[in-house]
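Below is one structure, written out as structure tokens; the observations come after it.
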DNA sequence: TCAATAGTTGACATT
DNA sequence: GAATGTCAACTATTG
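Residue numbers (my numbering): -1 to 648.
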């Protein structure tokens, strides 16, 4: 039996503390130990990742690399710029590897990738060791104890969790690490296909991270933002296990906060400091272990006995919700991330429905513009110029900093979907995926389904007001003043509804409320848009639409949804793309090559004012016009060809 | 079987 | 200002 030569493959576990997989790797007593990261083109080209989350990732990697070097001056995090699916067979041979060890990933894409890597290892005679560690409970085990069903409520998580047993106590960080062996790379690099590339909009220079195998200085260094060609990051939040553990220490030191935390009582209007822990991005990248967090909190809670808050509102309750969403995703796979073919997601004929690849049954990442005015509402929502200061402040904070309070996310998600614009939750989830530094696919998808009342939650008549809700938390409107500075001098009486302020006052306070937000100044005066919709009216339309869709009662996997005949069950004038009795699968609107630069709807910027169906006189066509449609041509099923194909010449 | 009740985080009026 | 009830009425669980 040769001495173990081990690759430890870091992915969503960028830490040394409490890593069951890392512990398993070290128990092998390796002769050579290679801590590596492979540069997965899925992240570079396919998932939506903005500069803020990129920077957070790079900071987590740098911090981890330094921590590794502190334990062994010969070692570091070796970043190898190639897709794992093509790199590993060559690397196994080159470094004479005997074991590959990594933390389990239950994300839909993660499972697919790891399945392929396991197969490659088997062929190369390399033993693969996988340990769960990303969640409180192993998500697959949680599903198993939930009668092999996706975990759809917190009670189910608690019952299934109790059957599994106690949440495991955290493992200390290793005190030393074995040397790596030789790190020569004599093989040729295989570049991934750089097309399709959803992230061109995130860059202001060429993406050159695949120009070398081991980086510009051949030292396996963490790439710079420049190497990836990214636009500058703007988030104030810094990544890394070191920062995370310090933040956790500070939270735990405040025992009252830790033990009596109740999420619904934390203010979404608070900033500097925010009302919640802001540990979610560290949990996402694995810079902080959720079990470390859980037990540090639980030990304080135990001291407080009956004075402590309880799940689901307590701090540990938040971690249970995370496990719930991971369990739902582990059971449902790719279908969890979409309505189409999802047995647990209600079918609502939202505006701007997703394009479906009928071969794979998966969404393509593009969508249909069934209504030009809905497209305008969506654009204005994304850009933070809805004319509702609370919504705009949050969307601008999100884009700038990559993090907003959980209840702020509720407010903007409700507004986009069932409580305002009646736009598909998948559109909103895509924007969050792009901008959040803590974007966790399972949690993001689950929360969007929750807020849109398509799964997990059903009380659609409980609708967040963009005026009354923030008023409850902050009468002064400080968050608005910070992120919507044009309203900085408005009296608090009008801060959440500035269109009601008298014109003389608007002039006095230096900002006119007019237009649609495309212009920002009128002479010396600033401009802020008028509200893009009548909230009270739109709320009624949405609630009626939801009530109707609930009565029809379809789920995403209903045959009538799959083949498009669901339209027979809706009246033509029901809210959403409901006309006719037959149509394309899902809520797609007409047969059309979605790559085509054709359109059948008037220019969105000049659309009629909001109102039900106002623009849908005459034949209905899909508008997939230019910039308004996401340029993602491949569905998830084509990922494999994406990484194994040679880079095409331009 | 079915009524009662609970469900992390609504708005508004009244006490 | 905090607590409670009503609005209109959802699903899933429980006894």
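Note that CB positions come from ideal geometry on N, CA and C, so glycine has one too.
Remember, it's a predicted structure, so these values are computed and weren't measured experimentally.
List the whole-angstrom C-beta distance separating residue 531 from residue 375, where the pair is believed to meet the contact cut-off of C-beta under 8 angstroms. Indeed, because the Cβ distance is near 7 angstroms, the residues count as touching under 8 angstroms.
Rounded distance between the beta-carbons of residue 500 and residue 511, thought under 8 angstroms: Contact flag wrong, Cβ pair sits at about 11 angstroms.
So which of 96, 41, 83 and 236 has the shortest CA-CA distance to residue 401? Distance from the Cα of residue 401 is smallest, within the candidate group 96, 41, 83 and 236, for 236.
Three-state secondary structure assigned by DSSP to residue 380: Three-state result, residue 380: helix.
In this structure, how does DSSP classify residue 360 when only helix, strand and coil are distinguished? The three-state reading of DSSP puts residue 360 in strand, counting E and B together.
I'd like the span of the alpha helix (DSSP H) that includes residue 67, first residue to last. 49 to 69 is the extent of the alpha helix (DSSP H) around residue 67.
Output the boundary residues of the beta strand (DSSP E) element that contains residue 355. Residue range 352 to 355 is occupied by the beta strand (DSSP E) that includes residue 355.
Alpha carbon to alpha carbon, how far is residue 147 from residue 306? Give it in angstroms, no decimals. Cα to Cα, residue 306 sits roughly 32 angstroms from residue 147.
So residue 97 is in the alpha helix (DSSP H); what residue range does that whole segment cover? For residue 97, no alpha helix (DSSP H) segment is defined; the enclosing uninterrupted segment is the beta strand (DSSP E) at 97 to 101.
Under a Cβ-count criterion, where at least 16 other Cβ atoms within 10 Å of its own Cβ denotes burial, should residue 459 be classed as buried or exposed? Result: exposed.
Return the CA-CA distance between residue 18 and residue 228, expressed in angstroms with no decimal places. So the two alpha carbons sit approximately 34 angstroms from each other.
Return the chain-ordered list of same chain residues with a C-beta closer than 6 angstroms to the C-beta of residue 315, the five sequence neighbours on each side being excluded. So the qualifying residues of the chain are 309.
Could you pull out every residue in the same chain whose Cβ sits closer than 6 angstroms to the Cβ of residue 484, ignoring the five residues on either side in sequence? Cβ neighbours of residue 484 within its own chain (closer than 6 angstroms, five residues either side excluded): 509, 524 and 526.
Residue from 360, 166, 4 and 363 with nearest C-alpha to residue 126: The shortest Cα separation from residue 126 among 360, 166, 4 and 363 belongs to 4.
Which residues does DSSP pair with residue 525 in a beta bridge? The partner list for residue 525 (beta bridge, DSSP) reads 510.
Mind checking residue 217: buried by the 16 CB within 10 Å criterion, or exposed? Exposed, since its Cβ has fewer than 16 Cβ neighbours within 10 Å.
In chain order, which alpha helix (DSSP H) runs of at least 4 residues are fully inside the region 131 to 216? Here the runs fully enclosed are 137 to 143 and 152 to 162.
What do you get for residue 184, buried or exposed, if any count of 16 or more other CB atoms within 10 angstroms of its CB means buried? Around the beta carbon of residue 184, fewer than 16 other beta carbons sit within 10 angstroms, so the residue counts as exposed.
Tell me which residues share the same chain as residue 256 and place their Cβ nearer than 7 angstroms to its Cβ, disregarding the 5 neighbours each side in the sequence. Within the same chain, 249, 250, 295, 298 and 313 come within 7 angstroms of residue 256 by CB-CB distance, once the 5 residues on both sides are set aside.
Find out if the Cβ-Cβ distance for the pair residue 349, residue 368 is shorter than 8 angstroms. In contact: residue 349 and residue 368 (Cβ atoms closer than 8 angstroms).
Leaving out the 5 sequence neighbours to the left and right, which residues in its chain are closer than 6 angstroms to residue 130 when beta-carbon positions are compared? Excluding the 5 residues flanking it on each side, residue 130 has same chain C-beta neighbours closer than 6 angstroms at 102 and 136, in chain order.
So what's residue 371 in DSSP terms, helix, strand or just coil? In the structure shown, the three-state DSSP call for residue 371 is helix.
Taking the straight line between their C-alpha atoms, what separation do you get for residue 189 and residue 232? Counting only the Cα atoms, residue 232 lies some 30 angstroms from residue 189.
Whole-Å CB distance - residue 60 paired with residue 67, under 8 angstroms assumed: Contact check for residue 60 and residue 67: beta-carbon distance about 11 angstroms, past the 8 angstroms limit, so the pair fails to qualify.
Cutoff 6 angstroms; reference residue 13; Cβ partners in own chain excluding five residues on either side: So the qualifying residues of the chain are 239, 284 and 285.
Here's a check: name, in chain order, each residue in its chain whose Cβ is nearer than 6 angstroms to the Cβ of residue 651, leaving out the five neighbours to either side. The requested residue 651 is not part of the displayed model; the chain covers only -1 to 648.
Can we say the region 322 to 341 touches the region 148 to 165, given the rule of at least three CB pairs closer than 8 angstroms? A contact exists between the region 322 to 341 and the region 148 to 165.
The alpha helix (DSSP H) with residue 253 in it runs from where to where? Looking at the DSSP string, the run of the alpha helix (DSSP H) that includes residue 253 is 253 to 258.
In terms of residues, what are the limits of the alpha helix (DSSP H) holding residue 280? 278 to 283 is the span of the alpha helix (DSSP H), which, as asked, contains residue 280.
Between the CA atoms of residue 379 and residue 610 - distance to the nearest angstrom: Because the pLDDT of residue 610 is 36, which lies under 50, any placement of that residue in the model is unreliable, and the number read from its coordinates should be weighed accordingly. C-alpha separation (whole angstroms): 19 angstroms.
Contact the region 85 to 102 vs the region 265 to 272: 3+ CB pairs below 8 angstroms: The region 265 to 272 and the region 85 to 102 do not touch, with fewer than three beta-carbon pairs separated by less than 8 angstroms.
Given a cut-off of 8 angstroms on the beta-carbon distance, is the pair residue 339 and residue 359 in contact? Going by C-beta atoms, residue 339 is nearer than 8 angstroms to residue 359.
Is DSSP giving residue 41 helix, strand or coil here? Annotated three-state conformation of residue 41 is helix, per DSSP.
Based on the DSSP output, what are the partners of residue 365 in its beta bridges? Beta-bridge pairing links residue 365 to 352.
Should residue 111 and residue 87 be called a contact, given that it needs their Cβ atoms to be closer than 8 angstroms? Cβ distance not < 8 angstroms, so residue 111 and residue 87 don't count as in contact.
Contact belief for residue 75 with residue 35 at Cβ below 8 angstroms, rounded distance in angstroms: Right, the Cβ-Cβ distance comes to about 6 angstroms (below 8 angstroms), so this counts as a contact.
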